[in-house]
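Residue numbers (the working numbering), protein chains in the order written: chain A, 223 to 305; chain B, 223 to 305; chain C, 1291 to 1442; chain D, 1291 to 1442.
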């Protein structure tokens, strides 16, 4: 699965994208977020307040927990501020 | 007083403007309209339905009866359709 | 700013002139009214607009003042043409500039709705058979203008 | 029509392109968002916009479809820039064309309000001391977007 980070999430994690395999501990968006939080202080901080993190799977916003599979594109980003 | 006519009022009366003196029978807009109606068939027709005639005195819309004096500019025209 | 003229106008140039060199404007809304080939179910081939010189400018200025009083607008432009116009030509342009998009949108919409029922312009439409007819006042325009009255 | 680009755009040319040769359009509304020297009480000296290529276009297309479903619009254009922008430069352009002014106005306002809360763009502001800050989401933008939800 491809993971993308945007705006201040990208800056804090110092990463624009990465590839992780789909596994039992990353089978859906809820478990992916739990896994993220345990990756270190920067990740813990970024995912500490999920109110300010939006999640898109395959370029569509998701709200509830969403099943993931190999080949999916998951993006984490803050509330949008364009226009 | 200067009297101006616009749009279909102008076309029906075949007149764009005229000058009439301020007198007792044309002392205010109500009496002016009464006087107009008596000037002949075209005037009678034009002023028969006051719902579709707007009146401006000195380039301001009026709604109620308005006193007139020499030097005033009175305009009669249909509801506006610009824009 | 009010302009009543026979000549066509350039929408882009007018917007540009209003904003060039300024960095305090966040939102610009423009409305352009064009001569349409259809009105109230009838084919239209051309338009002619008569107006009341003097009163037109006064009424437009009053409408602009009203908009400036109601919304936070930095710039406001109304251009209205008179005389003969071909299909597709612009008739009227309203441009508003504001720090905020809602003010720019609402002020422009208001200016058009009030202008439609207050500014002394009268349209004559030509149809395919060469007939010329005065355009009737529209109930929907009166309703649209009224919408802004209940705000006060 | 959706365009996401780095380059500046010409508002007048875009409006012109949408309407030239057509005689069925009665009303054209444009909204332009510009880089302002002030935001939330802070002096701003420049802007940088990041976006999510691919998802941006999808979201904008969805917003356009929604507008076309809700209003009678003949043409609809959204241009949104990304990258660095100087003060006074245009960021976003929305143009709607309709036979009726109300549809053109409401659709353009809707497109901006939804775009603001849905399209994946993120602003970074530079201030006078050279600091760069991510712009925060605004409560007023959420409220503005919600206004159109209660319509359905």
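Note that CB positions come from ideal geometry on N, CA and C, so glycine has one too.
State yes or no: is the C-beta of residue i within less than 8 Å of the C-beta of residue j?
i: residue 1396 of chain D; j: residue 1424 of chain D; result: no
i: residue 1344 of chain C; j: residue 1390 of chain C; result: no
i: residue 1312 of chain D; j: residue 1378 of chain C; result: yes
i: residue 1409 of chain D; j: residue 1370 of chain D; result: yes
i: residue 292 of chain A; j: residue 223 of chain A; result: yes
i: residue 229 of chain A; j: residue 300 of chain A; result: yes
i: residue 287 of chain B; j: residue 251 of chain B; result: yes
i: residue 1385 of chain D; j: residue 1305 of chain D; result: yes
i: residue 235 of chain B; j: residue 275 of chain B; result: no
Run through the DSSP bridge pairs and tell me what residue i is partnered with.
i: residue 276 of chain A; result: A/299
i: residue 282 of chain B; result: B/279
i: residue 1369 of chain C; result: C/1293 and C/1383
i: residue 1341 of chain C; result: C/1411
i: residue 1334 of chain C; result: Answer is none; residue 1334 of chain C lacks a bridge partner.
i: residue 1328 of chain D; result: D/1333
i: residue 1424 of chain C; result: C/1414
i: residue 239 of chain B; result: B/226
i: residue 1402 of chain D; result: Looking at the DSSP assignment, residue 1402 of chain D forms no beta bridge with any residue, so it has no partner.
i: residue 1319 of chain D; result: C/1321 and D/1386
i: residue 289 of chain A; result: A/250
i: residue 1375 of chain D; result: D/1337
Alpha carbons only, please: which of the options is nearest the one belonging to residue i?
i: residue 294 of chain A; options: A/303, A/239 and A/305; result: A/239
i: residue 1303 of chain D; options: D/1352, D/1367 and D/1359; result: D/1367
i: residue 1381 of chain D; options: D/1433, D/1298 and D/1292; result: D/1298
i: residue 302 of chain B; options: C/1340, C/1394, C/1385 and C/1305; result: C/1340
i: residue 226 of chain A; options: A/258, A/247 and A/286; result: A/258
i: residue 1321 of chain C; options: C/1400, C/1295, C/1331 and C/1346; result: C/1400
i: residue 1295 of chain D; options: D/1419, D/1392, D/1374 and D/1387; result: D/1374
i: residue 1376 of chain C; options: C/1332, C/1326, C/1349 and C/1384; result: C/1326
i: residue 1434 of chain D; options: C/1435, C/1331, C/1393 and C/1319; result: C/1393
i: residue 296 of chain B; options: B/255, B/247, B/261 and B/262; result: B/255
i: residue 283 of chain A; options: D/1331, D/1383 and D/1342; result: D/1342
i: residue 1318 of chain C; options: D/1398, D/1411 and D/1439; result: D/1398
i: residue 1443 of chain D; options: C/1358, C/1411 and C/1314; result: Here chain D has residues from 1291 to 1442 only, and residue 1443 of chain D is not among them.
i: residue 1426 of chain C; options: C/1439, C/1357 and C/1332; result: C/1332
i: residue 1347 of chain D; options: D/1411, D/1358 and D/1359; result: D/1411
Apply the 10 Å Cβ neighbour rule to residue i and answer buried if 16 or more other Cβ atoms are within range, or exposed otherwise.
i: residue 270 of chain B; result: exposed
i: residue 1310 of chain D; result: exposed
i: residue 231 of chain B; result: buried
i: residue 1300 of chain C; result: exposed
i: residue 1441 of chain C; result: At residue 1441 of chain C, the pLDDT of 49 sits below 50, so the modelled position is not reliable and the matter cannot be decided from this model.
i: residue 289 of chain A; result: exposed
i: residue 304 of chain B; result: buried
i: residue 1364 of chain D; result: buried
i: residue 264 of chain B; result: exposed
i: residue 1437 of chain C; result: exposed
i: residue 1328 of chain D; result: exposed
i: residue 1431 of chain C; result: buried
i: residue 273 of chain B; result: exposed
i: residue 1323 of chain C; result: buried
i: residue 1388 of chain D; result: buried
i: residue 248 of chain B; result: buried
i: residue 1421 of chain D; result: exposed
i: residue 241 of chain A; result: exposed
Cβ of residue i versus every heavy atom of the ligand ZN: is any distance shorter than 7 Å?
i: residue 263 of chain A; result: The model depicted lacks the ligand ZN and carries no ligand whatsoever.
Quick check: is the beta carbon of residue i nearer than 8 Å to any beta carbon in chain E?
i: residue 1296 of chain C; result: Chain labels in this structure do not include chain E; the protein chains are A, B, C and D.
Does the structure place the region 1345–1361 of chain D close enough to the region 1398–1409 of chain D that three or more beta carbon pairs sit under 8 Å? Because the criterion of three Cβ pairs below 8 Å is met, the region 1398–1409 of chain D and the region 1345–1361 of chain D touch.
Cβ contact check for the region 1324–1340 of chain D and the region 1409–1420 of chain D: 3 or more pairs under 8 Å: yes
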